[in-house]
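A.B. asks:
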Amino acid sequence: MIRSDAPILLEIRDLHARVEDQPILRGVNLTLRAGEIHAVMGRNGSGKSTLSKVLAGHPAYTVTSGSVLYRGADLLALEPEQRARIGLFLGFQYPVEIPGVSNLEFLRVATNARRQEQGLEELDTFAFDDLVQERLRVVQMDPAFLERSVNQGFSGGEKKRNEILQMALLEPLVAILDETDSGLDIDALRIVAGGVNQLAGPDTSTLLITHYQRLLDAIVPDFVHVMAAGRILRTGGKDLALELEERGYDWVDAELAQPLAGAEVG
Amino acid sequence: MSSATVGDLVSQPYKYGFITEIETEKIAKGLSEDVVRLISAKKEEPPFLLDFRLRAYRHWLTMQEPDWAALGYPPIDYQELIYYAAPRQQQKKASLDEVDPALLETFEKLGIPLSEQKRLSNVAVDAVFDSVSIATTYKEKLAEDGVIFCSISEAVKEHPELVERYLGTVVPANDNFFAALNSAVFSDGSFVFIPKGVACPMELSTYFRINSGDTGQFERTLIVAEEAATVSYLEGCTAPMFDTNQLHAAVVELVALDDASIKYSTVQNWYAGDENGVGGIYNFVTKRGQCRGARSKISWTQVETGSAITWKYPSCVLQGADSVGEFYSVALTNHRQQADTGTKMIHVGPRTRSTIVSKGISAGHSSNSYRGLVQVGPKAVGARNYSQCDSMLIGDRAAANTYPYIRSQQPDANIEHEASTCRISADQLFYLQSRGIGFEAAVSMMVSGFCRDVFNQLPMEFAAEADKLLSLKLEGSVG
Ligand SMILES: Nc1ncnc2c1ncn2[C@@H]1O[C@H](COP(=O)(O)OP(=O)(O)OP(=O)(O)O)[C@@H](O)[C@H]1O
Ligand SMILES: [Mg+2]
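Line by line, the protein sequences give chains R and W. Residue numbers 836 to 1101, in my numbering, belong to the letters of the first sequence in order. Residue numbers 2 to 480, in my numbering, belong to the letters of the second sequence in order.
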């Protein structure tokens, strides 16, 4: 839902970032307002996951210039854990397995870290149990997954559901979902999309990174951005995604070859 | 701090590094037959014990310091050590009120209050300061059940026949270089006797405190559980920070008769030296339990976090038919610490079973080796062993080794060994952080997850303690 007077939650300005000596983000501009759903599409390797990890604060990436404001304050100055506590959420494209750490305990500690920041009381194991049972229903996940180690031995689709369960518990203001749809079967896609729609509201904003229209059929975006060579090359409405589905990305090369873009991209 | 990497783990300053100013009686440094006699005389020991010491000493003279462990340290000059030091206040006091307040204060500072009002409600404590037992709590209450819990010096005086019957029967005086040295000069330690059929009504615990900088520490502990008796015992250890190394060569012997069960837990946090490896305790310890009776059980649980060098193999001799030996170990090394630790499970009797779970965590430039022997003798029909040895590396400069030895003379023995090595990855930490969990909390979450199988074996009161201790060791660990 677009309201031009809605408060800005996330404002990315001319963001450049590199990994080791390799520049990856080369001037990303993007503004997310409350209530909006954005989709970022683009070829493999264009920098979508990098953008999401830079926003979440992954230590492998160095921001070389540009800024990111989260509700008006400098996001890049914060530790990754602090970014999460104030309501930024990243659903990973490839969630890692953490053997030995109980999923339930992990979810409880994470939830309480967020709640503490919000000034809410800490949930003890019983109160948390009630909450988690309720949120499990959002993703229709089997409670047995709570007893296992974080993501360990989960199938691809199960890992993605576990990501959305975390989102449901943390109630973020800005959720970045990196290819949450990949690896999901048809029913799971519907369930996850339903969950995301349920969690999205007038006060939050969602950034969906995806390759496929079928996700955008289920979660209808207000804006679609095409990323190429570390920048947002074009922005449009939901129709842009349909156009991409039809035309592919060949036109991107032509656009990148334009003198202005070409000079910057090098 | 967002550029923090896993490789930058360093432990936070050691909390227990203070020295207590107290008047101490010491003998001149150096070791000789006269020194052995002097120690025995000072302790007013019966002849059998002097004999024991002298035999051990004479044997020690013929022995070589072992060099097979994966450890490196400069040669120890045994003539430079002092072999007897005791707080001046000699006589063990009948009541705590008479104990030097400086000593009580020391233990209070270490979190071990001894006074009637403050002591732990369900744990009897023997407090050993520089190898001399200064107080034992709940003695009278335990005596009601016939349980003897006192210092070994006291046991020598009050129950000489028990000491004579069991001392040196599990770890003979000539067992190894350090055990022989201990047998010759041991100063004090704990003695536990649980009579037939008695389940010890509370946890027993000894807290060892090294205070002196130039004194060798030679504790001796002996625990006997008669038929169908059970006991759970825990030892804790700390020492001040000196820039020299202190030798600690203890011997622990456990005896379990028919259907008896002994659970022995250790939380070892001796001073480990600084980040460059200067100072710290040399912890050369011989611990062995003998499942003498049928269906007896001995279980070792150790959490080893301190010491510059750890050389220690708590073992079980499974003599009785159907007896059970267990070894659960977490060894954490950081900076320049070295640990070579593990166990020996000696299957003698039929259908004996043993379980080994070892978790080694190495950070910094440390080296952490598991060394274990599973031996199955010709009469151990149907013996079974399960071993699991996991290593976790933090950073990329630490080393982990596993040396499992298996010797079986029993074709139908069932011996299973599993091993794994993992590294805490930056992506795992980032995942936890991106859910609001701080870097250090994330590290300790993964480390405790890794150690859970072992922590579950600790007495409840101490499991949380051990968890905290590990976190503490890794706290402030972010560069
Ligand atoms: N840690 C890293 N080390 C080296 N190169 C990296 C690293 N992270 C990203 N890159 C490189 O940066 C580029 C962008 O990667 P990124 O993962 O952001 O792409 P993406 O748009 O998410 O692609 P996909 O659609 O395949 O998920 C790629 O060429 C990738 O190889
Ligand atoms: Mg990607």
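Think of the CB as a built atom: it goes at the ideal place given N, C-alpha and C, for glycine as much as any other residue. Quantities reported herein were computed from a predicted structural model and do not represent experimental measurements.
Under 8 Å, do L55 (chain W) and E34 (chain W) count as touching if we go by C-beta distance?
C.D. replies: yes
A.B. asks: R996 (chain R) touches chain W at which residues, Cβ-Cβ below 9 Å?
C.D. replies: Within 9 Å Cβ-Cβ: nothing; R996 (chain R) doesn't reach chain W, min ~16 Å.
A.B. asks: Kindly examine ligand 1 and report whether one of its heavy atoms sits closer than 7 Å to the Cβ of Q928 (chain R).
C.D. replies: yes
A.B. asks: Are the beta-carbon atoms of G378 (chain W) and H348 (chain W) separated by less than 8 Å?
C.D. replies: Contact flag set, yes.
A.B. asks: Roughly how many angstroms lie between the CA atoms of E109 (chain W) and Q1001 (chain R), to the nearest whole one?
C.D. replies: 44 Å
A.B. asks: Going along chain W in order, which residues have a C-beta closer than 7 Å to the C-beta of L925 (chain R)?
C.D. replies: Neighbours of L925 (chain R) on chain W, chain order: S435.
A.B. asks: For H851 (chain R), decide whether its Cβ has a neighbour in chain W, counting only Cβ atoms nearer than 8 Å.
C.D. replies: no
A.B. asks: Closest by CA to L168 (chain W), which one among W:N177, W:F179, W:A156 and W:F178?
C.D. replies: W:A156
A.B. asks: Jot down the residue ranges of each uninterrupted alpha helix (DSSP H) in the stretch 938-982 of chain R, minimum 4 residues, whole runs only, in chain order.
C.D. replies: 938-952 and 960-974
A.B. asks: Here's the rule I'm using: 16 or more other beta-carbon atoms within 10 Å means buried, otherwise exposed. How should Q247 (chain W) be labelled?
C.D. replies: buried
A.B. asks: Under 8 Å: do the stretch 69-83 of chain W and the stretch 309-316 of chain W share three or more Cβ pairs, one atom per stretch?
C.D. replies: yes
A.B. asks: In angstroms with no decimal places, state the Cα-to-Cα distance between R1082 (chain R) and T899 (chain R).
C.D. replies: 34 Å
A.B. asks: Ignore the nearest five residues each way along the sequence and tell me which others in S316 (chain W)'s own chain have a CB closer than 6 Å to its CB.
C.D. replies: R289, T344 and K345
A.B. asks: Locate the alpha helix (DSSP H) running through T261 (chain W), then write down its first and last residues.
C.D. replies: A quick correction: the sequence has Ala, not Thr, at residue 261 (chain W). That residue, A261 (chain W), is in no alpha helix (DSSP H); it is neither H nor E in DSSP.
A.B. asks: For R838 (chain R), name the three-state secondary structure that DSSP assigns.
C.D. replies: coil
A.B. asks: Quick check on A332 (chain W): buried or exposed, where buried means 16 or more other Cβ atoms within 10 Å of its Cβ?
C.D. replies: buried
A.B. asks: Please classify Q91 (chain W): does DSSP put it in a helix, a strand, or coil?
C.D. replies: Low per-residue confidence applies at Q91 (chain W): pLDDT is 49, beneath 50, and the placement is therefore not dependable, though the value from the model is reported in the following sentence. Looking at Q91 (chain W) - three-state DSSP - the assignment turns out to be coil, as it is neither helix nor strand.
A.B. asks: Does any heavy atom of ligand 1 sit closer than 7 Å to the C-beta of Q429 (chain W)?
C.D. replies: no
A.B. asks: How long is the line joining the alpha carbons of F187 (chain W) and Q434 (chain W), rounded to whole angstroms?
C.D. replies: 50 Å
A.B. asks: May I ask you to check if the CB of E1014 (chain R) is nearer than 7 Å to at least one heavy atom of ligand 2?
C.D. replies: yes
A.B. asks: In chain A, which residues lie with their C-beta within 8 Å of the C-beta of G450 (chain W)?
C.D. replies: Protein chains in the displayed structure are R and W, and chain A is not among them.
A.B. asks: Taking a contact to mean a Cβ-Cβ separation below 8 Å, would you say Q320 (chain W) touches R293 (chain W) in this structure?
C.D. replies: Taking 8 Å as the Cβ cut-off, Q320 (chain W) and R293 (chain W) qualify as a contacting pair.
A.B. asks: Tell me H336 (chain W)'s beta-bridge partners as DSSP assigns them.
C.D. replies: DSSP, once it has assigned bridges, lists no residue as partnering H336 (chain W).
A.B. asks: Cutting at 6 Å between CB atoms, please list the residues of its own chain near E165 (chain W), excluding the five before and the five after it.
C.D. replies: F49
A.B. asks: Can a CB atom of chain R be found closer than 8 Å to the CB of M346 (chain W)?
C.D. replies: no
A.B. asks: How far does the beta strand (DSSP E) with P858 (chain R) in it reach, from first residue to last?
C.D. replies: First-last of the beta strand (DSSP E) with P858 (chain R): Q857 to R868.
A.B. asks: DSSP three-state label for P460 (chain W), please.
C.D. replies: coil
A.B. asks: So the candidates are R:R996, R:A1035 and R:L958; which of them puts its Cα closest to the Cα of V1055 (chain R)?
C.D. replies: R:A1035
A.B. asks: Measuring CB atoms only, is the stretch 175-182 of chain W touching the stretch 141-148 of chain W, in the sense that at least three cross pairs come out at less than 8 Å?
C.D. replies: Because the criterion of three Cβ pairs below 8 Å is not met, the stretch 175-182 of chain W and the stretch 141-148 of chain W do not touch.
A.B. asks: So the alpha helix (DSSP H) K883 (chain R) belongs to, where does it begin and stop?
C.D. replies: Taken as a continuous stretch (DSSP letters only), the alpha helix (DSSP H) holding K883 (chain R) covers K883 to A891.
A.B. asks: How would you write the range of the alpha helix (DSSP H) that D1074 (chain R) sits in, first residue to last?
C.D. replies: Start and end: K1073 to R1082.
A.B. asks: I'd like to know whether the C-beta of P1037 (chain R) is nearer than 8 Å to at least one C-beta of chain W.
C.D. replies: The beta-carbon of P1037 (chain R) is placed no less than 8 Å from the nearest beta-carbon of chain W.
A.B. asks: Near Q1093 (chain R), what residues of its chain come up, given a Cβ to Cβ distance below 7 Å and the 5 sequence neighbours on each side ignored?
C.D. replies: none
A.B. asks: In its own chain, which residues sit with a C-beta less than 7 Å from the C-beta of A962 (chain R), not counting the 5 before and 5 after it?
C.D. replies: none
A.B. asks: What is the rounded straight-line gap between the Cα of G1030 (chain R) and the Cα of L913 (chain R)?
C.D. replies: 29 Å
A.B. asks: Under 7 Å from any heavy atom of ligand 3, does the C-beta of A240 (chain W) make it?
C.D. replies: As for ligand 3, it is missing from this structure, which binds only ligand 1 and ligand 2.
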